[in-house]
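Asks: Chains as they are written, first to last, in this note's numbering: chain A, 2 to 117; chain B, 238 to 351.
Ideal placement from N, C-alpha and C gives every residue a C-beta, glycine not left out.
Handing you this structure, nothing more for now.
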Amino acid sequence: AQSVAQPEDQVNVAEGNPLTVKCTYSVSGNPYLFWYVQYPNRGLQFLLKYITGDNLVKGSYGFEAEFNKSQTSFHLKKPSALVSDSALYFCAVRAPDTGTASKLTFGTGTRLQVTL
Amino acid sequence: DAMVIQNPRYQVTQFGKPVTLSCSQTLNHNVMYWYQQKSSQAPKLLFHYYDKDFNNEADTPDNFQSRRPNTSFCFLDIRSPGLGDAAMYLCATSRNLEGIYEQYFGPGTRLTVT
Numbered sequence: 002a003q004s005v006a007q008p009e010d011q012v013n014v015a016e017g018n019p020l021t022v023k024c025t026y027s028v029s030g031n032p033y034l035f036w037y038v039q040y041p042n043r044g045l046q047f048l049l050k051y052i053t054g055d056n057l058v059k060g061s062y063g064f065e066a067e068f069n070k071s072q073t074s075f076h077l078k079k080p081s082a083l084v085s086d087s088a089l090y091f092c093a094v095r096a097p098d099t100g101t102a103s104k105l106t107f108g109t110g111t112r113l114q115v116t117l
Numbered sequence: 238d239a240m241v242i243q244n245p246r247y248q249v250t251q252f253g254k255p256v257t258l259s260c261s262q263t264l265n266h267n268v269m270y271w272y273q274q275k276s277s278q279a280p281k282l283l284f285h286y287y288d289k290d291f292n293n294e295a296d297t298p299d300n301f302q303s304r305r306p307n308t309s310f311c312f313l314d315i316r317s318p319g320l321g322d323a324a325m326y327l328c329a330t331s332r333n334l335e336g337i338y339e340q341y342f343g344p345g346t347r348l349t350v351t
């Protein structure tokens with residue numbers, strides 16, 4: 002069975018500082034990995050994904066994530082945080098295609114709080 | 238802009254009174270999903286449609302049903318809402334079943350059960 006761990010319930014960072022939101026996964030085979038962001042009372046918004054290729058993936062709003070197979074991690078990063086980045090972030094994993102739907106397994110979410 | 242639309246954004250229903258939530262998409266995606274999300278927890282997949290093929294998750298209560306009359310629309314029916322069904326309901330779409338395709342989410346419908 003596939004699983005995702007987001008070890009931090011909340012991450013606090015000052016505006017302008019770099020941010021990291023951690024994610025580790027467990028899946029059989031090569032994973033498909035995703036990051037989504039959720040603002041209050043809104044749906045999830047796709048940020049970026051890793052399918053194959055370059056381990057460093059760039060996404061929306063200046064976010065990037067690095068796939069590390071040996072550490073089974075896919076941490077989300079941004080060089081300079083903005084107050085507007087404050088939101089709930091979900092990491093998700095899917096095993097390679099099994100002939101069924103694109104069923105994602107989500108982590109429990111990490112709340113990012115960026116302060117002035 | 239292509240998007241996923243959910244109506245209404247907020248729905249209040251009474252205990253046991255059937256309620257229907259609506260989702261439409263302009264992305265022309267083949268797959269539509271319904272998720273339940275409680276209190277900023279991870280979304281929980283209820284079921285999905287691939288075209289007209291319906292796939293129910295094993296642990297989705299019978300109280301939850303879905304209809305997809307055409308490519309663009311999908312409905313979530315809760316036949317007899319209980320207090321425990323109060324949650325945010327998220328509709329999502331993806332181009333196809335393959336895992337490489339990300340899902341696009343609507344803004345959600347927040348359901349209150351009184």
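How about Phe68/A and Asn56/A: do their beta carbons lie closer than 8 Å?
Replies: yes
Asks: Give a yes or no on whether the C-beta atoms belonging to Asp322/B and Pro255/B are separated by under 8 Å.
Replies: no
Asks: Who are the Cβ neighbours of Phe310/B in its own chain at under 6 Å, not counting the five residues just before and after it?
Replies: Ser261
Asks: Kindly examine the ligand FAD and report whether one of its heavy atoms sits closer than 7 Å to the Cβ of Cys328/B.
Replies: The ligand FAD is not part of the structure shown, which contains no ligands of any sort.
Asks: Please check the pair Phe312/B and Ser259/B, which I expect to be a contact at CB under 8 Å, by giving their CB distance rounded to whole angstroms.
Replies: 6 Å
Asks: Per DSSP, which residues does Met325/B bridge with? Please list them.
Replies: Gln274/B, Arg347/B
Asks: Is the Cβ-Cβ distance between Arg305/B and Tyr286/B less than 8 Å?
Replies: yes
Asks: Curious, which full-length beta strand (DSSP E) runs of at least 3 residues does the segment 253-309 of chain B contain?
Replies: 256-262, 268-274, 281-287, 290-293, 301-304
Asks: Of the residues Pro80/A, Cys92/A, Glu9/A, which one's Cα is nearest the Cα of Tyr62/A?
Replies: Nearest option by C-alpha distance: Pro80/A.
Asks: With Asp58/A and Leu49/A assumed to form a contact (beta carbons below 8 Å), what rounded beta-carbon distance in angstroms separates them?
Replies: A small correction: the amino acid at residue 58/A is Val; Asp does not occupy that position in the sequence shown. The beta carbons of Val58/A and Leu49/A sit about 5 Å from each other, so the pair counts as a contact at 8 Å.
Asks: If the cut is a Cβ gap below 7 Å, which residues of chain D does Ser276/B touch?
Replies: Considering every chain present, this structure includes no chain D. Its protein chains are A and B.
Asks: Using 8 Å as the cut-off, can you tell me whether the segment 287-304 of chain B makes contact with the segment 261-274 of chain B, which would need three or more C-beta pairs spanning the two stretches below that distance?
Replies: yes
Asks: How is Leu49/A classed by DSSP in three states: helix, strand or coil?
Replies: strand
Asks: Near His266/B, which residues of its chain fall below 7 Å by C-beta distance, leaving aside the five closest residues on each side in sequence?
Replies: Thr330, Ser331, Arg332
Asks: I want to see whether chain A comes within less than 8 Å of Phe312/B, judged by CB atoms only; does it?
Replies: no
Asks: Apply the 10 Å Cβ neighbour rule to Leu320/B and answer buried if 16 or more other Cβ atoms are within range, or exposed otherwise.
Replies: Looking at its Cβ environment, which holds fewer than 16 other Cβ atoms inside 10 Å, Leu320/B is exposed.
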